[in-house]
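What follows is a single structure, written as structure tokens, with notes after it.
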Amino acid sequence: MSNPTGVPPPVPSMAEIPLPPGMSLPEYLTLQGQLVTIAICVAVAMGIVGWDYMVLLPEEITLYKSRDLKLWRSPTTWLFIILRYSAFLAVIPSLFFTSVQNEHCQAAVVLSTLGGVLVVASSGLIFCYRVCAIWSEDRIVYGIVSFFYIAMLGCWIAVAVHYKAVTGPATPFGSNCQMDPIISWAPISYASSVAFDTVILVLTLAKDNLRYFMLATATNIAVLSIQALGAEHDMIKPAAVPFSTVMTVAMGSRVYLNLKLYDYDHNHERGSRSTDIPLSVTSGYSESTGERTFQSIPTSVMNSTAYCSTLTKEDKTVHPYSYTGYYR
6 MSNPTGVPPP
16 VPSMAEIPLP
26 PGMSLPEYLT
36 LQGQLVTIAI
46 CVAVAMGIVG
56 WDYMVLLPEE
66 ITLYKSRDLK
76 LWRSPTTWLF
86 IILRYSAFLA
96 VIPSLFFTSV
106 QNEHCQAAVV
116 LSTLGGVLVV
126 ASSGLIFCYR
136 VCAIWSEDRI
146 VYGIVSFFYI
156 AMLGCWIAVA
166 VHYKAVTGPA
176 TPFGSNCQMD
186 PIISWAPISY
196 ASSVAFDTVI
206 LVLTLAKDNL
216 RYFMLATATN
226 IAVLSIQALG
236 AEHDMIKPAA
246 VPFSTVMTVA
256 MGSRVYLNLK
266 LYDYDHNHER
276 GSRSTDIPLS
286 VTSGYSESTG
296 ERTFQSIPTS
306 VMNSTAYCST
316 LTKEDKTVHP
326 YSYTGYYR
């Protein structure tokens, strides 16, 4: 329609935001609020991962400076490194599909899920080494732990391949990525983690009362409870996922460092100090007899104060871990 007066039509004083198809304005505003919550939770998880990384960085640098070939031949050393950096692979891409406008939503989801699977795989193997070590390579224990580990890893992979996202229109806040509906059986991944953690916890408490596995188990139970909620809670489910990654990385890293400290104690016995858990499940070698023997592992755990009290000045000079004792 022509304008007879020649005056241009008034320009709206407010920005016009196109609504997604089939969504009303109240629904859109609710969605934006949920996206803000998810973005904040992911950012908090990223901050915790970064803080935990910096806390253990001195020990990691000491590890890299080590020339102990036995240490570098141990699978748990490499699992520790994978665990440390797969956390960033899991969390950083999640910032892009929850907080940032981008055109590569599916790539970010793939990288994040890959990091999550690596976290579960590496920490699970470290837990397996720990349990098998304190049970002196008992075949029944080895079989039980292996079964639950393989089942857990399979469940995580099966769920991970179903996470998909598409690039949506630009949004005023948060990410423009739109996640496809989560499959109904997605909680099976956390259910398998709970089952695995429970088995590890029971076997560990039978030999060694540590709290790392209890914290990891409790976290996965909490996340499983959220993941098992109905479809109406789909928007809050992603907010809980990063915290499972955070706790798994934190606990798995400390289990490895305790294994490393136990191994140092094993190689530097002094007086009545006990021999504890090795880095890997291997048999010992006797130089006097030329025969391989299995190390008998005591069930008690020396706390940090008792451990430090047994160290001489020379021990504390050559072994920086002795200042803090076992990692809590």
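What the sequence shown shows, in this note's numbering, is residues 6 to 333, in sequence order.
Where a beta carbon is used, it is the ideal one built from N, C-alpha and C, also for glycine.
Three-state secondary structure (DSSP) at Thr176? coil
In angstroms with no decimal places, state the Cα-to-Cα distance between Ala48 and Arg78. 36 angstroms
Own chain, CB closer than 6 angstroms to Ala44, minus 5 neighbours either side, in chain order: Thr103, Ser104, Gly179
Decide if the region 246 to 254 is in contact with the region 221 to 230; the criterion is three or more beta carbon pairs, one per stretch, under 8 angstroms apart. yes
In this structure, how does DSSP classify Ala170 when only helix, strand and coil are distinguished? strand
Nearest by alpha-carbon distance to Gly159: which of Ile193, Arg259, Gly257 is it? Ile193
How about the region 201 to 212 and the region 119 to 136: do they share at least three Cβ pairs that are nearer than 8 angstroms? yes
Counting Cβ pairs closer than 8 angstroms, one from the region 164 to 171 and one from the region 107 to 119, do we hit at least three? yes
Looking at Ala95 and Ser127, is the spacing between their C-beta atoms short of 9 angstroms? no
Beta-carbon within less than 6 angstroms of Val125's beta-carbon, same chain only, minus the 5 sequence neighbours each way: which residues are those? Trp161
Starting from Met219, follow the alpha helix (DSSP H) in both directions and report where the run begins and ends. 217 to 232
If you draw a straight line from the alpha carbon of Lys123 to that of Arg72, how long is it in whole angstroms? According to the sequence provided, residue 123 is Leu. The question's Lys does not apply to it. Roughly 27 angstroms separates the two Cα atoms.
Could you please give me the residues that DSSP links to Ile183 through a beta bridge? The identity of residue 183 in the sequence shown is Gln, whereas the question assumes Ile. Per DSSP, Val171.
What do you get for Phe85, buried or exposed, if any count of 16 or more other CB atoms within 10 angstroms of its CB means buried? buried
Is the Cβ-Cβ distance between Ile139 and Thr209 less than 9 angstroms? yes
Does the separation of the CB atoms of Ile3 and Met51 fall below 9 angstroms? For the chain, the structure presents residues 6 to 333; residue 3 sits outside this window and is missing.
For Thr304, which three-state DSSP category applies? Confidence is the limiting factor: at Thr304 the pLDDT is only 36, short of 50, which leaves the residue's position unreliable, though a coordinate-based value still follows. DSSP places Thr304 in coil when its eight states are reduced to three.
Note down, in chain order, each residue of its chain lying with its Cβ closer than 6 angstroms to the Cβ of Asp57, except the 5 sequence neighbours on either side. Ala255
Boundaries of the alpha helix (DSSP H) in which Ala236 is found, first to last residue: Run containing Ala236: none; DSSP gives neither H nor E here.
Distance between Ile188 and Ala236 (C-alpha atoms, nearest Å): 10 angstroms
Nearest-angstrom Cα distance between Pro325 and Val199? The predicted position of Pro325 is uncertain, since its pLDDT is 38 and thus under 50; no value can be drawn from it.
Alpha-carbon spacing of Leu262 relative to Pro174, whole angstroms: 46 angstroms
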